[in-house]
Structures are given as structure tokens and as C-alpha cells.
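S.K.: Chains as they are written, first to last, in this note's numbering: chain S, 265 to 417; chain U, 124 to 610; chain W, -18 to 124.
All C-beta atoms, glycine included, are put in the ideal place defined by N, C-alpha and C.
Input: one structure, supplied below.
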Amino acid sequence: MNPRLVILDVVARPLYVVVLLASLVVLLRGHNEPGGGFIAGLVAVTASVLWALAHGPAAAEARLPFRSPLILSAVGVALGVVSGLPALLFGDAFLTHLWGAIPLGFTELKVSTVLVFDVGVYLCVWGALAGYALSLLEADLTPADDERPEPRR
Amino acid sequence: MSVWLAASPVLVPLATALATALAYRHARLQRLLSLAGIVAFFGTALTLVATVQGGETLAVAFGSWPAPFGIEFRIDRLGASLVLITALMGLACLVFHESDADPGNRHPLLLPLVHGVLAGVAGAFATADLFNLYVWFEVMLIAALGVFAIGGRRDQLDASFKYLTLNLLGTLLLLIGVGAIYAATGHLNYGALAEAAAGLPPALTTLLLTVLGLAFLVKAGAFPLFAWLPASYHTLPGPILALFAGLLTKVGAYAVLRVVGDVFAPPPAVLLEALGWIAAATMLVGVLGAAYHWDIRRILAFHIISQIGYILLATALAGEAGNAATLFYTLHHIVVKANLFLIGAIVWRLTGSYDLRRIGGLWQARPWLGVLFAIPALSLVGIPPLSGFWAKYLVLFEAIGQGRIVWTVVALLVSVLTLYSMMKIWLEAFWRPHPDAGWTLPRDARLAPAVAATVGLAAITLWIGTQPEALIAYARAAAATMGGAAP
Amino acid sequence: MIATIALVVFVTVTVGVYLTLSRDLFRVVLGVAMVGSAANLVLFAAGRLGPTAPAVVPVGQAALADAANPLPQALVLTAIVIGFALVCFALVLMLRLIRDARTDDALALRDAEPVPTDPVKPPATDPAFEPIAGAEPRREAAR
């Protein structure tokens, strides 16, 4: 991006956080209502793309958790696999999900292995799609004149 | 415990893929993890075969959703033997990759993607759910595409685009077929489908199986849907090419066998007739394509197609004998085909090219390599006492028994033409002197892992050839419990 | 309703196949994506159209009388996600290919399978093909 867009630059900083918070809301909401890991991951990718538009793909990649889309998505898949493992303790099949509640006095905190799985999906989608989107943006940022495709006959 | 064993064909390679991906900044650690993972996979696959060879099947319903509704893995003798051969190929090719015979570009993503391909292949062999089969085909496709594209050379990008387009259309056809079958029967589980299939009108079954079968034939590389295979395979680095050549098309052939020979058995006769003619055309076209080429990899890539024809022919013969012949042929062929590609990579390292017009003189320099090449090459042709002889014997005996004289004649003719191709490679690469008089063997070649892998695979070929009874008995036992067997 | 969906599938597949047969790489990717959408629609219609209520069993009831079939929805969701990932990959691949090969014409892309110059002899697939081999193996230019 040759001319730095000042407004985009300034707005991107707070907006990055806001978009990520929104993605977390969508993620947690998915427990009982429309939402969930996949959509939340897509929302998170928009934050990365926003950062890439303002500061370049390399900076956006550095801002990802673990600083690498590959590691991020691998951690996501790993979480998904791990969420299926506690079933082993109860002699159930792999990926049998467990629910429980932790009493907090005034209310109770509902926990489940499904949430772990959903977080895994979230990280995996974020990592994989940010990887695609950033490499597309990267390819788009270096258009030298002689690299244009030749006109077809 | 059996639940975990049944899920291991996917869990072990997937865990290895994750571990190698997380270690992508440390090349040595990544290679160690990859080797440890493939050894563990081989170990669990051996346990799997040992468990099911008595006739029991291992099943797991993921997430405790019971069988007709949830996704089920059900591993019988057919699936277990194919999972074992998948692990064996992974082991041989990854050990080979430790040598410097055409390892290609050691990209940090290569090993995770290769284990991803193995997970996809093994998942397709293990699953008992039609939609899940589609998912494993896609896992295989995505991981294989990654392997194609990370090389980054222009011909590799070109190859991966063609591979992507044609295979993606194949999987979409599969998806449409799966949807249509679900609409017609309300089931996706193999067991439930087998029960529901009996109540379908034959015309509808024919239509459904045609859509599904066409999708699998794209994946298997059958005539006339094989264009993606010779367009792309030869751009891969040697050991990866051997892995792909050994396994990927065979998943398509396995899916045809599973659907036609097990779930929907016995299928409408017109489908088997059509499959037989497609098989004959596949054999012939593949071998003729090979005769034209001078690049070792391209010759062998066309021979994949021709050999797929034999496997499909065995499936088209149907019944217990046909299904047993299909399994035996597939197991033999995977070992032999991968070994030929691996030896081709050694030839490349020693002579500097895959093009037969530029190489020669290996019989003088490395006579043992000539013998090593002759074992899988003659086995591919079907010369006794090698494994290919028994595989072809089983297929052709059944074909003659059913009075399929034209198919038999085509198969024998293709064997002769296969011999021509193998002799061409042998004469040009080994017997003839090197075209460059000043050529010498490279001094610094690090070939010990490559030789270990190829000698191991050749030993398996020899073992099957001299002791075929055990494997034939296993294949017959596997076929006896499939749907095509007489009750 | 089912007739409308059948018609839509027909039109989408037609358009998709037409685009896929184009020489323009971008149209090929678009075409494959359209065939994918048609496949998803087939899968969706496979679960019978009719009730649209979500398949959630109300508290106190044992079974569900009138609700949409949830299984095809799960299948379609899976297929959409996989298709999405593949189309993303295809786009990145296409862009790099166009950049490297400097053409977006499918007929001009002959890097993997070079055009033969001689009607009898096949072309060399080895990029560094020379009539006589050197003594040392060709080293791949690592990138």
C-alpha cells in the first residue's frame, strides 16, 4: 500500500479489538443460539484482513496468535481432537461430549467439552482462512507492470 | 480398547500431522516426529489386521451416536488389510525420503501434508458411512493439493490446478450421488444401505450407482476420466510420487469394490457389464499411453491407469472370487507400483535424469539395481513366480470361468505391452551404455535409506510370489464376509 | 417447491459446467464453485422439503412430530465448509499460476505437459533437458 491511509490506520487499532470481541460473543452465543466456532472464526478473519489492509499482510500475520496461520490452525485441530479424549475416561467412544456445571453460589457455570471443540473450530477457521486471505493480499500487493498476464489471442 | 483401535487409522496419522505441523520451525524434530508417527501407525495397523483376521469386525460409532444415525467406522478384513498397506507405503516412502534421491524441496509443510494424505486414505478405508467417505476423499484432495503446490515450480502449479479442477468435479459428483442415495433410501451407513437397497426398484439402483460409480471412477483414474493423472503426477518429487501412485487411485478402486461388491451387491448386471468394458478400455489406453513416453515417471504413471483396469476388471467379475481377486490385485499392485517409482528416483540420483534418452549404463555401474528393478517390473507384467502372476492368475481364471473371452484376450495383450514398456526402461536405463561417454556415478549419493526401502518392498513382492497361499486365503476370507458372497 | 429446486439445480449445473469448460482460469474456478453450490442444494433437497421448524425436542416431550430433517443440514454445512476451503485454495493457486505463467489461458498452460515438437518423439518433461546428459544430476532450484 503506497499511500498509508491515515484514517484506516487510526481506526484499525480499536476496531481490531472490537471485531475480535464480537467474534468471541458469536462463539459463546453458539452454545444455544445461532453462532458458533465457524462463524466466529470468519468474523475473526475479518479483523486480520482489516489489519492487513491497514498495515500490510506481514503485520497482520504477526498479530495472529502464535504469529503463524499454520500453527494457529494446527492448534485448533489439536483442540478439536483433544476435546474428544475425555470420553475415554468414561469408556465412551471418541468425540462423545460431556456436559457439567460448576456451582458458583448465585449461579452456576455450565461447562462442556463441546465448547473446547468449538474453540478448536474457531482457531482452525481463523488460522486457515487468514492464511488464504493474507497470501491472496500478499500476491495482490506486488503487481509489477511486466507481471500482468499477457492479453489473450 | 477396541473402540480406540478402530479409530486409530485416522487418529494416529492425524496426530502425527498435527505434531509435525506444530514443529515446523525445527526440521530435525519434525523428521523424527514424522518417522515415529509412521512407525506407530504401522504398529497399530498390524494390530488391527491381527485383531480382525479371525473374522470379527471392529466398530466405533463416533460421539456415541448409534450406528445407522451417527458416523461409524467399521473395519473388516478388507479395510484392515488396506489400512496396513497404507501404513506400509507411508513407512517405505518416508524412509526413502531420508535419502537424497529426488527428495524435492523440503518444505516445512510437506511432512504434515503427507500425513494428512495418509489420514485421508486410511479414513476412507475405515469408514462405514457414505458421506464420511466423501469427507475423507476431500481430506485426501486438500492435503494432496498442498503437496503439489508447495513445490512452487511453475509446472507443479500447472499440475496442481489441473489436478484440483478435475478431482473437485469428481468429488462434487460424488456429493450429488450421496445426496441422491440419501433421498432414495434415507440412509448413509453401509449396513443400513445394504438392507434398504433390496427394496429399491432396479432402475433406480442403476441410476444411483451410475452417478456414484462415475465419481469413484474419476478418482480411480479409469478410462475416459483419467486425464488428471498423467497431467500432474510426474511433477512430484520421487518418494511422494511413489506414495501417491501407490495409494490415491486405489482408494477410488476400493470405493467401487465396496459399493458394487459389498453394499449394493449384487448390483444390476448392466452395471457390471459396463464396468468390465470400461476396465478393458482403461487397461488398453493406459498401456498404449505408456508406450509413447520416454520419461520413466510418465511411463509408470500411464501404467497406473492400465493396472487400475485390471483391478476394475476383477471387480466387474463380481462374486466372491472376483472380490477376492480385486483385493489381492490391489495389495500386490500398491507394493509393486510404489517400488517402481522409488527405483526410478534412485535411477534419477545416479544418472541425473528421468528421461530414458539421456541415461544408460547402469547395468555396468550398479548391477544390483538392475536386479532390484527387475523384481517389481516383472511382477507388474505378471511373470511367475512373482506376486503379479498370482494376481493376474486369479483375475483371468475367473474371467475365463465366466466366459469373458474378449476381456481375457485384452488383459493378456496388455500384459505383453506392459512387458514392452518394462523392457524399454530396462534396456535404455540399464543395458545400453550411457549416451555421454564421460559420465561417472555421483560420488556423494546418500542412498542407504532408499535402498533399504526398495529392497524391503521387493522382498514383500518375492514373499507374496513364493508364498501366495496365505494372502489368497486372507483375500478369500475377506470376500466371503462381503455382501457379494452367496449366503 | 421441489420442482423449483430441481430447476435451480439444473440451471446452476449448466452454468457451472459451461464456465468450467472455459479457457479463462478464473471462470473455471467460478464454474467449479457453482457446481459445488448445486451439489449442496441437491444434498439439502435430499432430506425432503416441508416442515421448517428446528429439530429440537421440547422439554417434557419424548419425540418430535413435525420438524425439519436435521441430518441433511449437517451434511450441507460440512459440504459448504469443505467447498469453501477448496475454492479459497483454488483462488490462491490460480493467482500464483497466472503470475508465474503470465497467462490465464488454459490452453497456453503447458508447463507440466510440454507440447511435442516432433510427431513421433514425446517432449522432454525434464525442464533442464539437453540432448546429452551432464555427469552430475540436475539439482532442483529450491525456492
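Output the boundary residues of the alpha helix (DSSP H) element that contains F(-9)/W.
M.R.: -17 to 1
S.K.: F254/U lies in the alpha helix (DSSP H); which residues open and close that run?
M.R.: Counting along the chain, the unbroken alpha helix (DSSP H) around F254/U starts and ends at 253 to 273.
S.K.: CA-CA distance, I528/U and L332/U?
M.R.: 26 Å
S.K.: Determine which residues of the stretch 65 to 81 of chain W have a Cβ less than 7 Å from any Cβ of chain U, and write them out in chain order.
M.R.: A66, L67, F70, A71, L74, M75, R77, L78, D81
S.K.: Can you tell me which residues form a DSSP beta bridge with W231/S?
M.R.: Any question about residue 231/S goes unanswered here, given that chain S covers just 265 to 417.
S.K.: Could one say the Cβ of I63/W lies closer than 9 Å to chain U's Cβ atoms, at least one of them?
M.R.: yes
S.K.: Compare the beta carbon distance of Y396/S and F70/W with 9 Å and say whether it is the shorter of the two.
M.R.: yes
S.K.: Assuming A48/W contacts A66/W under a Cβ cut-off of 8 Å, what Cβ separation, rounded to an integer in Å, is found between them?
M.R.: The beta-carbon separation of A48/W and A66/W, rounded to 30 Å, does not stay under the 8 Å limit for a contact.
S.K.: Check whether the stretch 510 to 520 of chain U and the stretch 403 to 418 of chain U touch, using three or more Cβ-Cβ pairs below 8 Å as the test.
M.R.: no
S.K.: Near I498/U, which residues of its chain fall below 6 Å by C-beta distance, leaving aside the five closest residues on each side in sequence?
M.R.: So the qualifying residues of the chain are A581, T584.
S.K.: Quick one: which chain W residues come within Cβ less than 9 Å of L400/S?
M.R.: Within chain W, the residues whose beta carbon sits less than 9 Å from that of L400/S are C69, L72, V73, L76, listed in sequence order.
S.K.: Do G28/W and A14/W have their beta-carbon atoms positioned less than 9 Å apart in this structure?
M.R.: no
S.K.: A114/W to H220/U, Cα distance in whole Å?
M.R.: Note that A114/W scores a pLDDT of 39, beneath 50, so its modelled location is shaky and nothing firm can be said.
S.K.: Would you tell me roughly how many angstroms separate the C-alpha atoms of A122/W and G227/U, rounded to the nearest one?
M.R.: With a pLDDT of 42 at A122/W, under the threshold of 50, the modelled position of this residue cannot be trusted, and the question is left open.
S.K.: Could you spell out where the alpha helix (DSSP H) holding F370/S opens and where it closes?
M.R.: Unbroken run through F370/S: none, as it is neither H nor E.
S.K.: If you check the beta carbons only, do A601/U and A447/U fall under 9 Å apart?
M.R.: Yes, the pair counts as a contact, with Cβ atoms nearer than the cut-off.
S.K.: What in chain W is Cβ-close to V258/U, meaning under 8 Å?
M.R.: Result: T59, I63.
S.K.: Is the beta carbon of L401/S closer than 9 Å to that of V313/S?
M.R.: yes
S.K.: Excluding sequence positions up to five away, which residues of its chain have a Cβ less than 8 Å from the Cβ of L24/W?
M.R.: P53, L56, V57, A60
S.K.: For L353/S and chain U, any beta-carbon pair shorter than 9 Å?
M.R.: no
S.K.: Give me the Cα-Cα distance between G243/U and N255/U, rounded to the nearest whole angstrom.
M.R.: 11 Å
S.K.: Would you kindly report the start and end of the unbroken beta strand (DSSP E) that includes E195/U?
M.R.: It spans 195 to 198 - the beta strand (DSSP E) in which E195/U sits, taken as one unbroken run.
S.K.: Would you list, in sequence order, the uninterrupted alpha helix (DSSP H) runs of no fewer than 4 residues that lie entirely inside the stretch 405 to 483 of chain U?
M.R.: 419 to 440, 442 to 474
S.K.: Taking the alpha-carbon of D225/U as reference, which of V470/U, F520/U, R481/U has the nearest alpha-carbon?
M.R.: V470/U
S.K.: In this structure, how does DSSP classify L181/U when only helix, strand and coil are distinguished?
M.R.: strand
S.K.: If you draw a straight line from the alpha carbon of V270/U to that of L236/U, how long is it in whole angstroms?
M.R.: 6 Å
S.K.: Please go through the same chain and pick out, in chain order, the residues whose beta-carbon is closer than 8 Å to the beta-carbon of P325/U, but skip the five residues on each side of it.
M.R.: Closer than 8 Å at Cβ, skipping near neighbours: P391.
S.K.: From L465/U, S131/U, L542/U, Q525/U, pick the residue whose C-alpha is nearest to that of L501/U; which is it?
M.R.: A check of alpha carbon separations from L501/U across L465/U, S131/U, L542/U, Q525/U identifies L542/U as the nearest.
S.K.: Residues in the same chain with beta-carbon distance under 8 Å from A320/U, minus the five sequence neighbours each way, listed in chain order, please.
M.R.: Excluding residues within five positions, the ones whose Cβ falls inside 8 Å are T308, T328, V386, F387.
S.K.: Residues in its own chain within less than 8 Å of T531/U by CB, not counting five upstream and five downstream?
M.R.: These residues qualify, in order along the chain: L519, A522, I523.
S.K.: Can you pull the DSSP bridge partners for A250/U?
M.R.: In the sequence as displayed, the identity of residue 250/U is Thr instead of Ala. T250/U is bridged to F196/U.
S.K.: Could you give the DSSP three-state label for A5/W: helix, strand or coil?
M.R.: The question names Ala, yet the displayed sequence has Asp at residue 5/W. Three-state result, D5/W: strand.
S.K.: With 9 Å as the threshold, decide whether the Cβ of F302/S is near any Cβ in chain U.
M.R.: no
S.K.: Are any of the Cβ atoms in chain W nearer than 9 Å to that of A324/S?
M.R.: no
S.K.: Going by DSSP, name the residue or residues bridged to N312/U.
M.R.: D252/U
S.K.: How would you list, in chain order, the residues of chain W whose beta-carbon sits under 9 Å from the beta-carbon of Y396/S?
M.R.: A66, C69, F70, L72, V73
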